[in-house]
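Numbered per the numbering used here, the sequence shown spans residues 54 to 266.
Just so you know, even glycine gets a beta-carbon here, dropped at the ideal spot from N, CA and C.
Quick caveat: nothing in here was measured; it's all calculated off a predicted structure.
Single-structure report; data block below.
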Amino acid sequence: MKLCSSKAYLLNNPRVPGSISYAISGALATVVHDAVMNPAEVVKQRMQMIFSPYGNSLECIRCIYIREGLRAFYRSYITQLTLNVPYQCTHFMIYEYMQSLLNPHHNYNPSSHFVSGGIAGGIAAAITTPFDCVKTVLNTQQTPQFNTKYRLLTQNGHATYYKGLVDGIRTIYYLRGTGGFFRGLQARIIFQVPSTALSWSAYELCKYLLSIR
Numbered sequence: 054m055k056l057c058s059s060k061a062y063l064l065n066n067p068r069v070p071g072s073i074s075y076a077i078s079g080a081l082a083t084v085v086h087d088a089v090m091n092p093a094e095v096v097k098q099r100m101q102m103i104f105s106p107y108g109n110s111l112e113c114i115r116c117i118y119i120r121e122g123l124r125a126f127y128r129s130y131i132t133q134l135t136l137n138v139p140y141q142c143t144h145f146m147i148y149e150y151m152q153s154l155l156n157p158h159h160n161y162n163p164s165s166h167f168v169s170g171g172i173a174g175g176i177a178a179a180i181t182t183p184f185d186c187v188k189t190v191l192n193t194q195q196t197p198q199f200n201t202k203y204r205l206l207t208q209n210g211h212a213t214y215y216k217g218l219v220d221g222i223r224t225i226y227y228l229r230g231t232g233g234f235f236r237g238l239q240a241r242i243i244f245q246v247p248s249t250a251l252s253w254s255a256y257e258l259c260k261y262l263l264s265i266r
C-alpha cells in the first residue's frame with residue numbers, strides 16, 4: 054500500500070524523473086517495512102544459528118527481551134536500512150527498466166514480470182551482500198555474558214562483540230578481510246532470484262485482478 058501510494062504520487066509529479074520516483078518509492082516502503090519486521094528478522098536469525106539455545110520462537114523472544122532488553126530487537130535497524138534502502142532502490146529501478154524493455158506497454162504479462170523480478174532481485178542482492186553480512190553478525194550476537202559458549206573467538210580468545218554498523222564492518226574486515234563481506238554471495242543470489250521473481254509475479258497478478266473488477 055505504501056509503495057503504491059508513494060509511487061502514484063511521485064509519478065504524477067513532473068519535477069521527479071521516473072527512475073527516481075521508483076527509487077524513492079522503494080526507500081519509503083522499506084523504512085516502514087523494516088520498522089515492523091526487524092524484530093522478526095532478529096528472532097529468525099537467532100533460531101537459525103548452528104548452536105542456537107532456543108527451543109522455539111516464543112522462547113527466543115522472551116530470552117532476548119529478558120537478557121538484552123527491547124533495544125536488542127532493533128540493534129541492527131540502521132544497518133538493516135543501510136542494506137535494504139539501496140537494495141530496494143536498485144531492485145525497483147532495475148525492475149522498471151526491465152519492464153520498459155520486455156513489456157513497454159505495461160500490460161499484464163506474467164513471463165515479463167517473472168523475468169524482470171528475478172533479474173532485479175539477483176543484481177540488487179549481489180550489490181548489497183556486504184551490508185547483509187554486517188546485518189547478520191549484528192543480529193546473531195548476544196550480550197557478552199551469554200556469548201562465551203557459542204560466539205566466534207578472536208585470536209586473543211575473547212568473544213567477538215559488535216557495537217554497531219561501523220564496528221561490525223571493522224571487525225569483519227579484521228577477522229576475514231575483504232572476502233568476509235561477500236561470504237554467502239552465491240546463496241543470497243540463489244535465494245533472491247526466485248523469491249523476487251515470484252513476489253513480483255504475485256504482486257502484478259493481484260494488481261491485474263483488482264483492475265478488472
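{"Query": "Own chain residues within Cβ distance below 6 Å of serine 110, not counting five before or after", "Result": "Val96"}
{"Query": "Anticipated Cβ contact below 8 Å, methionine 146 with tyrosine 75, distance rounded", "Result": "5 Å"}
{"Query": "C-beta atoms of glycine 233 and tyrosine 226 nearer than 8 Å", "Result": "yes"}
{"Query": "Stretch pair the stretch 136-154 + the stretch 100-116: three plus CB contacts closer than 8 Å", "Result": "no"}
{"Query": "Under 8 Å between C-beta atoms of leucine 191 and serine 129", "Result": "yes"}
{"Query": "Methionine 102 (DSSP reduced to helix, strand or coil)", "Result": "coil"}
{"Query": "Beta-carbon contacts of glycine 210 that lie in its chain and below 8 Å, excluding the five residues immediately before and after", "Result": "Only weak support is given to the placement of glycine 210: the predicted model assigns it a pLDDT of 47, under 50, and the value that follows is read from those uncertain coordinates. Taken in chain order, the list of residues that qualify is empty."}
{"Query": "Secondary structure of tyrosine 203, DSSP reduced to three states", "Result": "Its pLDDT being 43, under 50, tyrosine 203 is placed unreliably by the model, and nothing is read from it."}
{"Query": "Cut-off 6 Å between Cβ atoms - residues of its own chain near alanine 178, not counting five sequence neighbours on either side", "Result": "Arg241, Ile242 and Gln245"}
{"Query": "Limits of the unbroken alpha helix (DSSP H) element including serine 137", "Result": "Correcting the residue identity first, residue 137 is asparagine in this sequence and not serine. 130-155 is the extent of the alpha helix (DSSP H) around asparagine 137."}
{"Query": "Residue environment, valine 84, which counts as buried when at least 16 other CB atoms sit within 10 Å", "Result": "exposed"}
{"Query": "Cβ distance (whole Å) where threonine 182 is taken to contact leucine 134 below 8 Å", "Result": "Incorrect: roughly 16 Å between the Cβ atoms, too far for contact."}
{"Query": "Alpha-carbon to alpha-carbon, glutamine 98 and tyrosine 118", "Result": "15 Å"}
{"Query": "Straight-line Cα distance separating glutamine 194 from aspartate 185", "Result": "15 Å"}
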